[in-house]
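Structure follows, in C-alpha coordinates:
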(Lines of atoms letter the chains of each structure in order from A and count residues from 1; the text may use other names and numbers.)
(Lines give C-alpha, C1' and ligand atoms only; values in the text may rest on other atoms or scores of the structure.)
Protein backbone atom coordinates (compact mmCIF):
# COMPACT_ATOMS: atom_id res chain seq x y z
CA UNK A 1 0.00 0.00 0.00
CA UNK A 2 1.35 3.42 -0.97
CA UNK A 3 1.67 5.93 1.84
CA UNK A 4 2.60 9.57 2.15
CA UNK A 5 5.94 8.72 3.74
CA UNK A 6 8.34 10.26 1.20
CA UNK A 7 10.95 12.21 3.07
CA UNK A 8 11.71 15.64 1.70
CA UNK A 9 14.96 15.48 -0.20
CA UNK A 10 17.73 17.90 0.51
CA UNK A 11 19.36 18.69 -2.84
CA UNK A 12 23.03 17.88 -3.09
CA UNK A 13 23.69 21.21 -4.76
CA UNK A 14 22.52 24.78 -4.38
CA UNK A 15 19.07 25.03 -6.00
CA UNK A 16 19.93 28.36 -7.59
CA UNK A 17 21.60 28.25 -10.97
CA UNK A 18 24.09 30.85 -11.98
CA UNK A 19 23.89 32.27 -15.46
CA UNK A 20 27.32 30.86 -16.27
CA UNK A 21 26.57 27.30 -15.08
CA UNK A 22 24.27 25.22 -17.26
CA UNK A 23 22.80 21.84 -16.40
CA UNK A 24 24.21 19.31 -18.85
CA UNK A 25 23.21 15.93 -17.41
CA UNK A 26 20.23 14.30 -15.73
CA UNK A 27 22.43 13.66 -12.71
CA UNK A 28 22.92 17.42 -12.35
CA UNK A 29 19.21 18.05 -12.80
CA UNK A 30 18.41 15.41 -10.16
CA UNK A 31 20.18 17.53 -7.53
CA UNK A 32 17.32 20.05 -7.81
CA UNK A 33 14.47 17.60 -7.26
CA UNK A 34 11.99 18.46 -4.50
CA UNK A 35 8.66 16.60 -4.41
CA UNK A 36 6.33 19.06 -2.69
CA UNK A 37 3.16 17.31 -3.87
CA UNK A 38 4.28 13.83 -2.84
CA UNK A 39 5.68 15.14 0.44
CA UNK A 40 2.60 17.17 1.36
CA UNK A 41 -0.44 15.33 0.04
CA UNK A 42 -1.80 11.82 0.54
CA UNK A 43 -1.43 8.88 -1.80
CA UNK A 44 -4.41 6.69 -2.67
CA UNK A 45 -4.34 4.06 0.11
CA UNK A 46 -5.22 1.35 -2.42
CA UNK A 47 -2.28 2.18 -4.69
CA UNK A 48 0.79 0.02 -5.14
CA UNK A 49 4.18 0.97 -3.70
CA UNK A 50 6.05 0.51 -6.98
CA UNK A 51 3.66 2.35 -9.32
CA UNK A 52 2.61 -0.76 -11.24
CA UNK A 53 -0.95 0.55 -11.45
CA UNK A 54 -2.04 0.68 -15.08
CA UNK A 55 -5.55 -0.79 -15.15
CA UNK A 56 -8.71 1.33 -14.95
CA UNK A 57 -10.19 1.30 -11.46
CA UNK A 58 -12.04 3.51 -9.06
CA UNK A 59 -9.93 5.75 -6.86
CA UNK A 60 -11.97 6.62 -3.78
CA UNK A 61 -9.57 8.82 -1.80
CA UNK A 62 -6.07 10.26 -1.72
CA UNK A 63 -4.69 13.09 -3.83
CA UNK A 64 -2.55 11.07 -6.24
CA UNK A 65 -1.69 7.58 -7.42
CA UNK A 66 1.95 6.55 -7.93
CA UNK A 67 2.23 5.20 -11.49
CA UNK A 68 5.17 4.25 -13.66
CA UNK A 69 5.10 5.56 -17.23
CA UNK A 70 5.10 3.09 -20.10
CA UNK A 71 8.09 3.84 -22.36
CA UNK A 72 7.44 4.35 -26.05
CA UNK A 73 9.21 1.87 -28.30
CA UNK A 74 12.32 2.96 -30.21
CA UNK A 75 12.17 6.63 -29.15
CA UNK A 76 13.50 9.32 -31.46
CA UNK A 77 14.21 12.93 -30.56
CA UNK A 78 11.95 15.39 -32.38
CA UNK A 79 12.47 18.76 -30.71
CA UNK A 80 13.00 20.72 -27.53
CA UNK A 81 12.29 24.33 -26.65
CA UNK A 82 15.53 26.27 -26.81
CA UNK A 83 13.94 29.32 -25.19
CA UNK A 84 12.59 27.32 -22.26
CA UNK A 85 15.86 25.41 -21.85
CA UNK A 86 17.57 28.76 -21.50
CA UNK A 87 15.05 29.93 -18.89
CA UNK A 88 15.54 26.75 -16.88
CA UNK A 89 19.32 26.96 -17.07
CA UNK A 90 19.67 23.84 -19.24
CA UNK A 91 22.50 23.41 -21.67
CA UNK A 92 21.38 22.63 -25.21
CA UNK A 93 23.28 19.33 -25.05
CA UNK A 94 20.95 18.05 -22.31
CA UNK A 95 18.19 17.42 -24.90
CA UNK A 96 20.30 14.69 -26.50
CA UNK A 97 21.79 13.25 -23.29
CA UNK A 98 21.03 9.54 -22.95
CA UNK A 99 19.29 9.64 -19.56
CA UNK A 100 17.25 12.71 -20.54
CA UNK A 101 15.98 10.86 -23.59
CA UNK A 102 15.12 7.79 -21.50
CA UNK A 103 13.16 9.69 -18.84
CA UNK A 104 11.26 11.96 -21.21
CA UNK A 105 10.34 9.11 -23.51
CA UNK A 106 8.82 7.30 -20.53
CA UNK A 107 11.55 5.05 -19.13
CA UNK A 108 12.09 5.56 -15.37
CA UNK A 109 14.07 2.37 -14.77
CA UNK A 110 17.64 2.66 -13.50
CA UNK A 111 17.12 6.33 -12.81
CA UNK A 112 19.23 8.64 -10.64
CA UNK A 113 18.76 7.85 -6.93
CA UNK A 114 17.44 11.36 -6.22
CA UNK A 115 14.49 10.71 -8.55
CA UNK A 116 11.63 8.39 -7.59
CA UNK A 117 11.31 5.48 -10.04
CA UNK A 118 7.63 6.31 -10.64
CA UNK A 119 5.48 9.31 -11.46
CA UNK A 120 2.06 10.31 -10.22
CA UNK A 121 -1.41 10.70 -11.69
CA UNK A 122 -4.19 12.74 -10.13
CA UNK A 123 -7.97 12.56 -10.04
CA UNK A 124 -10.43 15.32 -10.80
CA UNK A 125 -14.12 15.81 -11.33
CA UNK A 126 -15.83 16.68 -14.59
CA UNK A 127 -18.05 19.73 -14.95
CA UNK A 128 -19.25 20.90 -18.34
CA UNK A 129 -20.37 24.51 -18.47
CA UNK A 130 -21.24 24.52 -14.78
CA UNK A 131 -23.01 21.14 -14.65
CA UNK A 132 -21.56 18.24 -12.66
CA UNK A 133 -21.17 14.98 -14.61
CA UNK A 134 -20.52 11.41 -13.57
CA UNK A 135 -22.07 9.59 -16.55
CA UNK A 136 -18.86 9.52 -18.64
CA UNK A 137 -17.08 7.73 -15.80
CA UNK A 138 -17.11 3.96 -16.54
CA UNK A 139 -18.23 3.37 -12.95
CA UNK A 140 -20.94 6.08 -13.08
CA UNK A 141 -19.49 7.57 -9.89
CA UNK A 142 -16.90 10.11 -10.98
CA UNK A 143 -14.16 8.10 -9.25
CA UNK A 144 -12.64 7.20 -12.61
CA UNK A 145 -11.94 10.72 -13.85
CA UNK A 146 -8.37 12.01 -13.85
CA UNK A 147 -5.03 11.85 -15.61
CA UNK A 148 -5.67 9.01 -18.03
CA UNK A 149 -2.49 9.49 -20.06
CA UNK A 150 -0.62 12.25 -18.24
CA UNK A 151 2.01 11.49 -15.62
CA UNK A 152 4.09 13.94 -13.67
CA UNK A 153 7.61 12.62 -13.19
CA UNK A 154 9.59 15.47 -11.61
CA UNK A 155 9.26 18.49 -9.41
CA UNK A 156 12.36 20.66 -9.40
CA UNK A 157 13.45 24.01 -8.00
CA UNK A 158 15.50 26.03 -10.46
CA UNK A 159 16.54 29.66 -10.08
CA UNK A 160 14.11 30.10 -7.20
CA UNK A 161 11.13 28.73 -9.15
CA UNK A 162 9.32 25.43 -8.76
CA UNK A 163 8.46 23.48 -11.90
CA UNK A 164 6.48 20.28 -12.37
CA UNK A 165 7.35 18.17 -15.41
CA UNK A 166 4.60 16.01 -16.86
CA UNK A 167 4.69 13.43 -19.63
CA UNK A 168 1.68 13.35 -21.94
CA UNK A 169 1.09 10.06 -23.71
CA UNK A 170 2.99 7.99 -21.14
CA UNK A 171 0.62 5.04 -21.08
CA UNK A 172 -2.23 3.80 -18.94
CA UNK A 173 -3.10 4.98 -15.42
CA UNK A 174 -6.04 3.98 -13.18
CA UNK A 175 -7.90 6.92 -14.75
CA UNK A 176 -7.54 5.85 -18.39
CA UNK A 177 -11.17 4.62 -18.57
CA UNK A 178 -10.23 1.75 -20.85
CA UNK A 179 -8.12 3.77 -23.29
CA UNK A 180 -4.48 3.08 -24.17
CA UNK A 181 -2.96 6.14 -22.49
CA UNK A 182 -1.04 7.12 -25.60
CA UNK A 183 -0.83 10.38 -27.52
CA UNK A 184 -0.28 10.39 -31.26
CA UNK A 185 2.45 12.35 -33.00
CA UNK A 186 -0.05 14.73 -34.63
CA UNK A 187 -1.51 16.02 -31.35
CA UNK A 188 1.90 16.00 -29.67
CA UNK A 189 3.45 18.23 -32.34
CA UNK A 190 0.48 20.59 -32.07
CA UNK A 191 0.70 20.89 -28.29
CA UNK A 192 4.48 21.20 -28.31
CA UNK A 193 4.37 24.09 -30.78
CA UNK A 194 1.26 25.77 -29.38
CA UNK A 195 2.49 26.11 -25.81
CA UNK A 196 5.63 27.98 -26.80
CA UNK A 197 3.70 30.10 -29.31
CA UNK A 198 1.26 31.14 -26.58
CA UNK A 199 4.14 32.04 -24.30
CA UNK A 200 5.64 34.19 -27.04
CA UNK A 201 2.24 35.86 -27.47
CA UNK A 202 2.37 36.88 -23.80
CA UNK A 203 -0.43 34.53 -22.75
CA UNK A 204 -0.02 32.57 -19.47
CA UNK A 205 0.47 28.91 -20.39
CA UNK A 206 2.09 25.61 -19.57
CA UNK A 207 5.40 25.27 -21.40
CA UNK A 208 6.99 22.73 -23.73
CA UNK A 209 10.20 21.01 -22.70
CA UNK A 210 10.73 18.17 -25.19
CA UNK A 211 9.11 15.90 -27.75
CA UNK A 212 10.03 12.30 -28.54
CA UNK A 213 8.29 9.98 -31.00
CA UNK A 214 8.32 6.24 -31.42
CA UNK A 215 9.80 4.90 -34.63
CA UNK A 216 7.66 1.75 -34.53
CA UNK A 217 4.78 1.85 -32.00
CA UNK A 218 1.39 2.84 -33.37
CA UNK A 219 -2.17 3.18 -32.11
CA UNK A 220 -5.36 3.42 -34.14
CA UNK A 221 -7.37 6.64 -34.03
CA UNK A 222 -10.35 7.89 -36.03
CA UNK A 223 -9.39 10.57 -38.54
CA UNK A 224 -10.39 12.17 -41.82
CA UNK A 225 -9.87 10.93 -45.35
CA UNK A 226 -7.59 13.07 -47.52
CA UNK A 227 -9.56 16.02 -48.86
CA UNK A 228 -12.59 15.25 -46.68
CA UNK A 229 -15.04 17.92 -45.62
CA UNK A 230 -16.82 15.57 -43.24
CA UNK A 231 -17.64 16.94 -39.80
CA UNK A 232 -16.69 13.66 -38.11
CA UNK A 233 -13.75 11.34 -38.84
CA UNK A 234 -14.51 8.54 -41.28
CA UNK A 235 -11.72 5.98 -40.87
CA UNK A 236 -9.44 4.41 -38.27
CA UNK A 237 -5.84 5.31 -39.00
CA UNK A 238 -2.64 3.90 -37.45
CA UNK A 239 -0.63 6.70 -35.85
CA UNK A 240 2.90 6.74 -34.50
CA UNK A 241 2.84 7.53 -30.78
CA UNK A 242 4.81 10.26 -29.05
CA UNK A 243 5.48 11.71 -25.61
CA UNK A 244 5.61 15.44 -25.08
CA UNK A 245 6.73 16.92 -21.78
CA UNK A 246 4.85 19.95 -20.54
CA UNK A 247 6.02 22.03 -17.61
CA UNK A 248 4.21 24.37 -15.22
CA UNK A 249 4.44 25.56 -11.61
CA UNK A 250 1.78 22.93 -10.92
CA UNK A 251 -0.86 20.96 -12.79
CA UNK A 252 -3.56 21.51 -10.18
CA UNK A 253 -6.93 22.03 -11.87
CA UNK A 254 -10.27 23.49 -10.89
CA UNK A 255 -11.74 20.02 -11.44
CA UNK A 256 -9.24 18.61 -8.96
CA UNK A 257 -10.40 20.92 -6.17
CA UNK A 258 -13.96 20.24 -7.27
CA UNK A 259 -13.52 16.47 -6.84
CA UNK A 260 -12.54 16.87 -3.21
CA UNK A 261 -15.26 19.47 -2.69
CA UNK A 262 -17.87 16.99 -3.91
CA UNK A 263 -16.54 14.24 -1.68
CA UNK A 264 -16.48 16.50 1.36
CA UNK A 265 -19.97 17.85 0.66
CA UNK A 266 -21.31 14.30 0.47
CA UNK A 267 -19.18 12.97 3.38
CA UNK A 268 -17.99 10.16 1.12
CA UNK A 269 -15.32 9.05 3.59
CA UNK A 270 -14.16 10.18 7.06
CA UNK A 271 -11.15 12.10 5.73
CA UNK A 272 -12.91 13.86 2.84
CA UNK A 273 -12.97 17.33 4.40
CA UNK A 274 -9.31 17.11 5.43
CA UNK A 275 -8.35 16.09 1.89
CA UNK A 276 -10.22 19.09 0.49
CA UNK A 277 -8.47 21.43 2.90
CA UNK A 278 -5.09 19.88 2.07
CA UNK A 279 -5.49 20.28 -1.72
CA UNK A 280 -6.60 23.91 -1.32
CA UNK A 281 -3.68 24.67 0.99
CA UNK A 282 -1.36 23.03 -1.54
CA UNK A 283 -2.80 25.12 -4.37
CA UNK A 284 -2.16 28.28 -2.34
CA UNK A 285 1.40 27.20 -1.58
CA UNK A 286 2.21 26.19 -5.15
CA UNK A 287 0.53 29.01 -7.05
CA UNK A 288 -0.42 31.90 -4.76
CA UNK A 289 2.03 32.23 -1.88
CA UNK A 290 3.18 35.59 -3.29
CA UNK A 291 -0.44 36.80 -3.38
CA UNK A 292 -1.88 35.41 -0.16
CA UNK A 293 -0.75 35.98 3.42
CA UNK A 294 -0.57 32.41 4.75
CA UNK A 295 -0.46 33.66 8.34
CA UNK A 296 -4.13 34.61 8.01
CA UNK A 297 -6.79 32.23 9.32
CA UNK A 298 -7.37 29.54 6.71
CA UNK A 299 -10.93 30.66 6.00
CA UNK A 300 -9.65 34.11 5.01
CA UNK A 301 -7.00 32.50 2.81
CA UNK A 302 -9.78 30.67 0.98
CA UNK A 303 -11.50 33.95 0.13
CA UNK A 304 -8.18 35.49 -0.94
CA UNK A 305 -7.60 32.47 -3.18
CA UNK A 306 -10.91 33.07 -4.96
CA UNK A 307 -10.04 36.74 -5.49
CA UNK A 308 -6.55 35.96 -6.81
CA UNK A 309 -7.78 33.22 -9.11
CA UNK A 310 -10.55 35.45 -10.43
CA UNK A 311 -7.95 38.05 -11.35
CA UNK A 312 -5.81 35.52 -13.19
CA UNK A 313 -8.67 33.75 -14.94
CA UNK A 314 -10.31 36.91 -16.26
CA UNK A 315 -6.94 38.20 -17.44
CA UNK A 316 -6.21 34.88 -19.15
CA UNK A 317 -9.47 34.75 -21.08
CA UNK A 318 -9.11 38.36 -22.22
CA UNK A 319 -5.68 37.37 -23.58
CA UNK A 320 -7.24 34.42 -25.40
CA UNK A 321 -9.65 36.69 -27.23
CA UNK A 322 -6.93 39.25 -27.88
CA UNK A 323 -4.82 36.73 -29.83
CA UNK A 324 -7.73 34.81 -31.40
CA UNK A 325 -7.32 31.62 -29.36
CA UNK A 326 -10.23 29.25 -28.70
CA UNK A 327 -9.78 26.58 -26.01
CA UNK A 328 -12.53 24.47 -27.60
CA UNK A 329 -13.20 22.30 -24.54
CA UNK A 330 -13.02 24.61 -21.52
CA UNK A 331 -14.41 22.23 -18.91
CA UNK A 332 -13.39 22.72 -15.29
CA UNK A 333 -10.90 19.85 -15.60
CA UNK A 334 -9.15 21.81 -18.37
CA UNK A 335 -9.01 24.95 -16.23
CA UNK A 336 -5.69 25.32 -14.40
CA UNK A 337 -5.88 26.43 -10.78
CA UNK A 338 -2.89 28.66 -11.43
CA UNK A 339 -4.79 30.63 -14.07
CA UNK A 340 -2.86 29.70 -17.21
CA UNK A 341 -3.69 27.87 -20.45
CA UNK A 342 -3.66 24.12 -19.99
CA UNK A 343 -4.37 21.03 -22.06
CA UNK A 344 -4.06 21.85 -25.75
CA UNK A 345 -6.47 19.27 -27.13
CA UNK A 346 -9.15 20.54 -29.50
CA UNK A 347 -7.85 24.12 -29.57
CA UNK A 348 -7.67 26.48 -32.54
CA UNK A 349 -6.96 30.06 -33.55
CA UNK A 350 -9.66 32.09 -35.23
CA UNK A 351 -8.70 33.02 -38.80
CA UNK A 352 -11.79 34.35 -40.59
CA UNK A 353 -13.56 36.13 -37.75
CA UNK A 354 -16.60 34.31 -36.39
CA UNK A 355 -17.92 35.10 -32.89
CA UNK A 356 -18.93 31.45 -32.47
CA UNK A 357 -15.80 29.93 -34.01
CA UNK A 358 -15.31 26.45 -32.56
CA UNK A 359 -12.55 24.15 -33.87
CA UNK A 360 -13.75 21.05 -32.00
CA UNK A 361 -16.64 19.13 -33.51
CA UNK A 362 -17.87 18.15 -30.04
CA UNK A 363 -17.53 21.55 -28.40
CA UNK A 364 -20.74 23.33 -29.27
CA UNK A 365 -21.33 27.06 -29.01
CA UNK A 366 -20.94 27.16 -25.25
CA UNK A 367 -17.15 26.82 -25.65
CA UNK A 368 -16.89 28.92 -28.82
CA UNK A 369 -14.60 31.91 -29.31
CA UNK A 370 -16.51 34.85 -27.82
CA UNK A 371 -18.38 32.65 -25.34
CA UNK A 372 -15.15 31.88 -23.49
CA UNK A 373 -15.73 34.58 -20.83
CA UNK A 374 -19.04 32.90 -19.95
CA UNK A 375 -17.41 29.45 -19.85
CA UNK A 376 -14.76 30.87 -17.52
CA UNK A 377 -17.50 32.18 -15.25
CA UNK A 378 -19.03 28.70 -15.08
CA UNK A 379 -15.68 27.19 -14.11
CA UNK A 380 -15.15 29.89 -11.49
CA UNK A 381 -18.54 29.11 -9.97
CA UNK A 382 -17.56 25.44 -9.69
CA UNK A 383 -14.37 26.36 -7.84
CA UNK A 384 -16.29 28.63 -5.47
CA UNK A 385 -18.80 25.87 -4.86
CA UNK A 386 -15.98 23.57 -3.74
CA UNK A 387 -14.34 26.26 -1.61
CA UNK A 388 -17.66 27.04 0.08
CA UNK A 389 -17.55 23.63 1.77
CA UNK A 390 -14.53 24.85 3.74
CA UNK A 391 -16.41 27.91 5.00
CA UNK A 392 -19.38 26.21 6.62
CA UNK A 393 -19.71 27.84 10.02
CA UNK A 394 -17.62 30.86 8.96
CA UNK A 395 -20.49 33.17 7.99
CA UNK A 396 -18.48 36.31 7.21
CA UNK A 397 -16.05 34.48 4.93
CA UNK A 398 -18.87 32.51 3.27
CA UNK A 399 -20.66 35.76 2.46
CA UNK A 400 -17.41 37.27 1.17
CA UNK A 401 -16.84 34.27 -1.11
CA UNK A 402 -20.38 34.57 -2.45
CA UNK A 403 -19.75 38.22 -3.28
CA UNK A 404 -16.48 37.36 -5.04
CA UNK A 405 -18.39 34.88 -7.20
CA UNK A 406 -21.20 37.34 -7.93
CA UNK A 407 -18.74 40.00 -9.08
CA UNK A 408 -17.05 37.74 -11.66
CA UNK A 409 -19.03 39.04 -14.68
CA UNK A 410 -18.21 42.64 -13.79
CA UNK A 411 -14.49 41.90 -13.47
CA UNK A 412 -14.53 39.86 -16.69
CA UNK A 413 -16.27 42.64 -18.59
CA UNK A 414 -13.75 45.19 -17.35
CA UNK A 415 -10.86 43.01 -18.59
CA UNK A 416 -12.53 42.52 -21.96
CA UNK A 417 -13.16 46.23 -22.38
CA UNK A 418 -9.54 47.01 -21.59
CA UNK A 419 -8.39 44.39 -24.08
CA UNK A 420 -10.60 45.72 -26.91
CA UNK A 421 -9.49 49.28 -26.22
CA UNK A 422 -5.85 48.17 -26.46
CA UNK A 423 -6.46 46.28 -29.73
CA UNK A 424 -8.04 49.42 -31.18
CA UNK A 425 -5.41 51.78 -29.80
CA UNK A 426 -7.95 53.72 -27.76
CA UNK A 427 -7.44 55.40 -24.41
CA UNK A 428 -11.03 54.49 -23.49
CA UNK A 429 -13.30 51.63 -24.45
CA UNK A 430 -16.05 52.56 -26.93
CA UNK A 431 -18.81 49.96 -27.00
CA UNK A 432 -20.63 51.31 -30.05
CA UNK A 433 -17.44 51.52 -32.08
CA UNK A 434 -16.52 47.92 -31.19
CA UNK A 435 -19.93 46.42 -31.97
CA UNK A 436 -20.09 48.21 -35.31
CA UNK A 437 -16.63 46.89 -36.14
CA UNK A 438 -17.41 43.28 -35.21
CA UNK A 439 -20.57 43.39 -37.32
CA UNK A 440 -18.60 44.72 -40.29
CA UNK A 441 -15.96 42.02 -39.83
CA UNK A 442 -18.59 39.27 -39.90
CA UNK A 443 -20.41 40.71 -42.92
CA UNK A 444 -17.22 41.19 -44.91
CA UNK A 445 -15.31 38.07 -43.93
CA UNK A 446 -12.13 39.32 -42.28
CA UNK A 447 -8.97 37.57 -41.13
CA UNK A 448 -8.85 38.37 -37.41
CA UNK A 449 -5.07 38.61 -37.03
CA UNK A 450 -4.29 40.39 -40.29
CA UNK A 451 -7.05 42.95 -39.78
CA UNK A 452 -5.86 44.13 -36.38
CA UNK A 453 -2.22 44.09 -37.45
CA UNK A 454 -3.01 46.28 -40.49
CA UNK A 455 -5.10 48.54 -38.28
CA UNK A 456 -2.01 49.01 -36.12
CA UNK A 457 -0.54 51.18 -38.90
CA UNK A 458 -3.38 53.68 -38.26
CA UNK A 459 -4.70 53.67 -41.84
CA UNK A 460 -7.03 56.40 -43.07
CA UNK A 461 -8.27 54.50 -46.11
CA UNK A 462 -10.17 51.20 -46.18
CA UNK A 463 -7.94 49.90 -48.95
CA UNK A 464 -5.12 49.53 -46.41
CA UNK A 465 -7.20 46.89 -44.63
CA UNK A 466 -7.90 44.88 -47.80
CA UNK A 467 -5.18 42.25 -47.14
CA UNK A 468 -7.47 40.96 -44.37
CA UNK A 469 -10.68 40.87 -46.45
CA UNK A 470 -11.86 37.53 -47.85
CA UNK A 471 -14.48 39.40 -49.86
CA UNK A 472 -14.17 42.85 -51.40
CA UNK A 473 -16.93 44.94 -49.77
CA UNK A 474 -19.60 46.18 -52.16
CA UNK A 475 -20.64 49.82 -52.32
CA UNK A 476 -22.99 49.97 -49.31
CA UNK A 477 -20.70 47.92 -47.10
CA UNK A 478 -17.69 49.92 -48.28
CA UNK A 479 -19.39 53.15 -47.27
CA UNK A 480 -20.04 51.69 -43.83
CA UNK A 481 -16.39 50.74 -43.53
CA UNK A 482 -15.38 54.29 -44.45
CA UNK A 483 -17.74 55.70 -41.84
CA UNK A 484 -16.38 53.35 -39.18
CA UNK A 485 -12.78 54.13 -40.07
CA UNK A 486 -13.49 57.85 -39.85
CA UNK A 487 -15.12 57.49 -36.42
CA UNK A 488 -12.18 55.37 -35.24
CA UNK A 489 -9.65 57.93 -36.54
CA UNK A 490 -11.46 60.64 -34.58
CA UNK A 491 -11.01 58.56 -31.45
CA UNK A 492 -7.34 58.00 -32.24
CA UNK A 493 -6.82 61.74 -32.52
CA UNK A 494 -7.95 62.06 -28.91
CA UNK A 495 -5.96 59.08 -27.60
CA UNK A 496 -2.42 60.46 -27.62
CA UNK A 497 0.75 60.43 -29.69
CA UNK A 498 0.17 58.46 -32.90
CA UNK A 499 3.66 56.97 -33.03
CA UNK A 500 3.23 55.62 -29.51
CA UNK A 501 -0.28 54.38 -30.26
CA UNK A 502 0.88 52.47 -33.34
CA UNK A 503 3.78 50.91 -31.42
CA UNK A 504 1.47 49.85 -28.59
CA UNK A 505 -1.00 48.33 -31.06
CA UNK A 506 1.77 46.32 -32.72
CA UNK A 507 2.71 44.96 -29.28
CA UNK A 508 -0.93 44.02 -28.70
CA UNK A 509 -1.85 42.66 -32.13
CA UNK A 510 0.47 39.89 -33.35
CA UNK A 511 1.51 39.64 -36.97
CA UNK A 512 2.01 35.87 -37.03
CA UNK A 513 -0.50 33.41 -35.65
CA UNK A 514 -1.21 29.71 -35.59
CA UNK A 515 -2.71 28.65 -38.93
CA UNK A 516 -3.67 24.99 -38.92
CA UNK A 517 -3.20 24.56 -42.67
CA UNK A 518 0.45 25.56 -42.22
CA UNK A 519 0.94 23.26 -39.22
CA UNK A 520 -0.48 20.09 -40.82
CA UNK A 521 2.57 19.65 -43.12
CA UNK A 522 4.84 19.79 -40.05
CA UNK A 523 3.32 16.79 -38.31
CA UNK A 524 2.89 14.90 -41.59
CA UNK A 525 6.58 15.30 -42.41
CA UNK A 526 7.48 14.38 -38.83
CA UNK A 527 5.83 11.00 -39.40
CA UNK A 528 8.56 10.30 -41.96
CA UNK A 529 11.34 11.43 -39.63
CA UNK A 530 11.66 14.89 -41.20
CA UNK A 531 11.50 17.45 -38.39
CA UNK A 532 12.71 20.50 -40.30
CA UNK A 533 9.20 21.92 -40.62
CA UNK A 534 8.61 21.54 -36.87
CA UNK A 535 11.81 23.45 -36.14
CA UNK A 536 10.94 26.05 -38.78
CA UNK A 537 7.57 26.67 -37.16
CA UNK A 538 9.19 26.82 -33.73
CA UNK A 539 11.27 29.75 -34.88
CA UNK A 540 8.49 31.65 -36.66
CA UNK A 541 5.87 31.18 -33.94
CA UNK A 542 8.32 32.26 -31.23
CA UNK A 543 8.44 35.79 -32.71
CA UNK A 544 4.77 36.58 -33.39
CA UNK A 545 5.04 40.37 -33.02
CA UNK A 546 8.22 40.84 -35.03
CA UNK A 547 8.61 41.72 -38.69
CA UNK A 548 10.26 38.65 -40.21
CA UNK A 549 11.75 37.97 -43.62
CA UNK A 550 9.86 38.71 -46.82
CA UNK A 551 9.77 34.99 -47.62
CA UNK A 552 8.17 34.21 -44.24
CA UNK A 553 5.70 37.05 -44.67
CA UNK A 554 4.63 35.76 -48.08
CA UNK A 555 4.08 32.25 -46.70
CA UNK A 556 2.59 32.94 -43.27
CA UNK A 557 1.00 36.40 -43.35
CA UNK A 558 -1.94 35.57 -45.57
CA UNK A 559 -5.54 34.47 -45.45
CA UNK A 560 -6.57 30.84 -45.41
CA UNK A 561 -6.84 29.46 -48.95
CA UNK A 562 -10.37 28.50 -49.99
CA UNK A 563 -9.56 24.79 -50.27
CA UNK A 564 -9.01 24.61 -46.52
CA UNK A 565 -12.42 25.98 -45.57
CA UNK A 566 -14.47 23.08 -44.23
CA UNK A 567 -11.56 20.66 -44.55
CA UNK A 568 -11.64 17.92 -41.91
CA UNK A 569 -8.54 17.99 -39.73
CA UNK A 570 -7.84 21.61 -40.71
CA UNK A 571 -10.87 23.83 -40.19
CA UNK A 572 -12.28 21.44 -37.59
CA UNK A 573 -11.24 18.23 -35.87
CA UNK A 574 -12.46 15.66 -33.43
CA UNK A 575 -10.86 15.23 -30.01
CA UNK A 576 -8.83 12.33 -31.40
CA UNK A 577 -5.33 12.42 -30.06
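In our numbering, the protein residues as written are 398 to 974.
Ideal Cβ positions, reconstructed from N, Cα and C, are used throughout, including at glycine.
- In this structure, the beta-carbon distance from residue 552 to residue 559 falls below 8 Å.
- Uninterrupted alpha helix (DSSP H) stretches at least 4 residues long and entirely within the segment 460-524 occur at 479-485 and 495-500, given in chain order.
- Closest by C-alpha distance to residue 751, out of 968, 428, 447 and 731, is 968.
- With fewer than 16 other CB atoms across the displayed protein chains lying within 10 angstroms of its CB, residue 537 is exposed.
- Ranked by Cα distance from residue 786, the options 695, 848, 755 and 742 are led by 695.
- Membership of residue 811 in the alpha helix (DSSP H) is indicated by the continuous run 805-821.
- CA-CA distance, residue 710 to residue 792, rounds to 26 Å.
- Secondary structure in the segment 568-597: the alpha helix (DSSP H) runs of 4 residues or longer, each lying completely within the stretch, are 582-597 in chain order.
- Following the DSSP letters along the chain, one finds residue 612 inside the beta strand (DSSP E) bounded by residues 604-620.
- The segment 740-750 makes contact with the segment 838-848: 3 or more CB pairs, one atom from each, lie closer than 8 Å.
- If you draw a 10 Å sphere on the C-beta of residue 972, you find fewer than 16 other C-beta atoms in it, and that means exposed.
- DSSP, read as helix, strand or coil, puts residue 781 in helix.
- The beta carbons of residue 706 and residue 736 sit closer together than 8 Å.
- Rounded to whole angstroms, the gap between the alpha carbons of residue 727 and residue 497 is 33 Å.
- Distance check between residue 956 and each of 633, 914, 937 and 926 places 914 closest, using alpha-carbon atoms only.
- The closest CA to that of residue 852, considering only 577, 592, 811 and 904, is found on 904.
- By the criterion of a C-beta distance shorter than 7 Å, residue 856 is surrounded in its chain by 862, once the five residues flanking it on both sides are discounted.
- In the displayed model, residue 702 falls within a helix according to three-state DSSP.
- In this structure, the beta-carbon distance from residue 610 to residue 500 does not fall below 8 Å.
- It is roughly 7 Å from the alpha-carbon of residue 521 to the alpha-carbon of residue 730.
- Rounded to the nearest angstrom, the gap between the Cα atoms of residue 875 and residue 859 is 8 Å.
- In the DSSP assignment, residue 633 falls within the unbroken beta strand (DSSP E) covering 632-645.
- The three-state secondary structure of residue 662, taken from DSSP, is helix.
- The bridge partners DSSP lists for residue 430 are 553.
- Pairing residue 529 with residue 700, the inter-Cα distance amounts to about 23 Å.
- Shortest Cα-Cα distance from residue 923 to any of 583, 635 and 626 involves 583.
- Between residue 894 and residue 887, the alpha-carbon positions lie close to 13 Å from each other.
- Here residue 577 has 616 as same chain residues with Cβ atoms under 6 Å from its own Cβ, once five neighbours each way along the sequence are excluded.
- Taken through DSSP and simplified to helix, strand or coil, residue 851 comes out as helix.
- Annotation: residue 528 is outside any alpha helix (DSSP H); the continuous beta strand (DSSP E) that includes it extends over 528-530.
- The beta-bridge partner set that DSSP reports for residue 965 consists of 969.
- Relative to the Cα of residue 839, the nearest Cα in the group 854, 867, 457 and 493 belongs to 867.
- DSSP, reduced to helix, strand and coil, places residue 674 within a helical segment of the structure shown.
- Rounded to whole angstroms, residue 674 and residue 680 show a C-alpha spacing of 10 Å.
- Secondary structure of residue 786 (DSSP, three-state): helix.
- The DSSP-derived three-state label of residue 873 is helix.
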